[in-house]
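Novice: Offset between the sequence shown (1-based) and this note's numbering: plus 15. In this text, a Cβ means the ideal position worked out from N, Cα and C, and glycines have one as well.
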Amino acid sequence: MMNTRLTHTLLRSDSGLAALVLRLPLGIILAAHGAQKLFGWFGGYGLDGTGQWMASIGLEPGFLMALLAGSAEFFGGLALALGLLTRPAAIVSAFTMLVALFSVHIGNGLFMANNGYEYALALFAATAALAIQGAGRYSLDQWLLSKLAAKNRG
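Now the structure itself:
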């Protein structure tokens, strides 16, 4: 049986509706960006194209970096939208945004018009907030926690 204290730390959140309002659009945005990298959906370049680009900016091996970034965004985004293992998904997503911020955008200044870091910074801030506060009341994390609590009582 999973450690009850660890389960509580991962899943419990006192947040309410605000966490859902943050999680849903953030999860959709991240999943869509990951789908661009992994599958070439929504005008993306897929793993091969993204991997070649990543290698060209010094993130080697490019294919592996594309796979890692795409997976973190796609699967992390889906998990955030659902509120499933939100803290781990948010931590992985926040780390991915920091890598994007410092490896791609930092040298271009703040603004997106110049491919700057403002968007990556906003995504980092949102994922960091979810890592701290958790998924909130309206999430699969809370549902799982209630099921585990009922099992432990019964």
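Name the two residues that bound the continuous alpha helix (DSSP H) containing leucine 163.
Specialist: Position 148 of the sequence shown holds residue 163. Looking at the DSSP string, the run of the alpha helix (DSSP H) that includes leucine 163 is 155-168.
Novice: Would the segment 104-124 count as touching the segment 159-169 if we require 3 or more Cβ pairs under 8 Å?
Specialist: no
Novice: Drop a sphere of 10 angstroms on the beta-carbon of leucine 32, count the other beta-carbons inside from all chains shown, and report buried for 16 or more, exposed for fewer.
Specialist: If you number the sequence shown from 1, residue 32 lands on position 17. With fewer than 16 other Cβ atoms within 10 Å, it is exposed.
Novice: If the criterion is Cβ atoms closer than 9 Å, does the pair threonine 183 and glutamate 88 meet it?
Specialist: Outside the shown range of the chain, which is 16 to 169, sits residue 183, and nothing can be said about it.
Novice: Roughly how many angstroms lie between the CA atoms of alanine 140 and leucine 79, to the nearest whole one?
Specialist: Counting from one through the sequence shown, the residue named residue 140 turns up at place 125. Counting from one through the sequence shown, the residue named residue 79 turns up at place 64. Looking at the two C-alpha atoms, the distance is approximately 26 Å.
Novice: Going by C-alpha distance, which of Ala135, Ala70, Leu35 is nearest glycine 151?
Specialist: Within the sequence shown, numbered from 1, the residue matching residue 151 stands at position 136. Among Ala135, Ala70, Leu35, the Cα nearest to that of glycine 151 is on Leu35.
Novice: Looking at leucine 159 and arginine 102, is the spacing between their C-beta atoms short of 9 Å?
Specialist: On the sequence shown, position 87 is the one that residue 102 refers to. On the sequence shown, position 144 is the one that residue 159 refers to. No.
Novice: Between Met127, Gln51, Ala47, Arg20, which has its C-alpha nearest alanine 94's C-alpha?
Specialist: Your numbering for residue 94 matches position 79 in the sequence shown. Comparing alpha carbon positions, the residue from Met127, Gln51, Ala47, Arg20 closest to alanine 94 is Ala47.
Novice: Report yes if the CB atom of glycine 91 is closer than 9 Å to the CB atom of glutamine 157, and no otherwise.
Specialist: As a first step, residue 91 must be located in the sequence shown, where it is residue number 76. As a first step, residue 157 must be located in the sequence shown, where it is residue number 142. Result no, Cβ atoms of glycine 91 and glutamine 157 do not sit closer than 9 Å.
Novice: Could you give the residue range of the alpha helix (DSSP H) that holds serine 86?
Specialist: The residue given as residue 86 occupies position 71 in the sequence shown. From DSSP, the alpha helix (DSSP H) with serine 86 extends over 77-97.
Novice: Can you tell me where the alpha helix (DSSP H) holding isoleucine 43 begins and where it ends?
Specialist: Start at 1 with the first residue of the sequence shown, and residue 43 comes out as number 28. Segment 32-54, the alpha helix (DSSP H) holding isoleucine 43.
Novice: Please report the distance separating the alpha-carbon of glycine 85 from that of proline 76.
Specialist: Position 70 of the sequence shown, counted from the first residue, corresponds to residue 85. Position 61 of the sequence shown, counted from the first residue, corresponds to residue 76. Whole-angstrom Cα-Cα distance: 14 Å.
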